[in-house]
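Visitor:
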Amino acid sequence: MSDATNLIPAPVPSPCVSLCKMDMERQYCMGCLRTIEEIIAWGKADDDYKRAVWAELPLRRQTLRFDDEEL
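Going by numbering that gives the first Met the number 0, the sequence shown opens with residue 0, and the numbers climb by one from there.
1. Of the choices 6, 29, 12 and 17, whose alpha-carbon is the least far from that of residue 61?
2. Cα-Cα, which of 32, 10, 43 and 9 is closest to residue 19?
3. Measuring alpha carbon to alpha carbon, tell me which residue in 35, 14 and 16 is nearest residue 23.
4. In or out: residue 50 buried (at least 16 other Cβ within 10 Å) or exposed?
5. Spatial neighbours of residue 13 within its chain, please: CB distance less than 7 Å, with the 5 preceding and 5 following residues excluded, ordered by chain position.
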């Protein structure tokens, strides 16, 4: 886990931005970039799990191109 991820305070906030639409190719929510499994687990997950998910989000963002972005 990176030092930056350790800076996320407890309780770790959800990355949800109320834009719930799945990218069917990569299986990530287009709003928060979590998988369905991560979204379901979030409510009962411990802070270490949540921080690990947060650490993955910047990497996932690099793999997505949204419809309004140019090639």
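Note that the Cβ used here is the ideal one computed from N, Cα and C, for glycine as well.
Guide: The structure says:
1. 29
2. If we check each option's Cα against that of residue 19, 32 comes out closest.
3. 35
4. buried
5. 41
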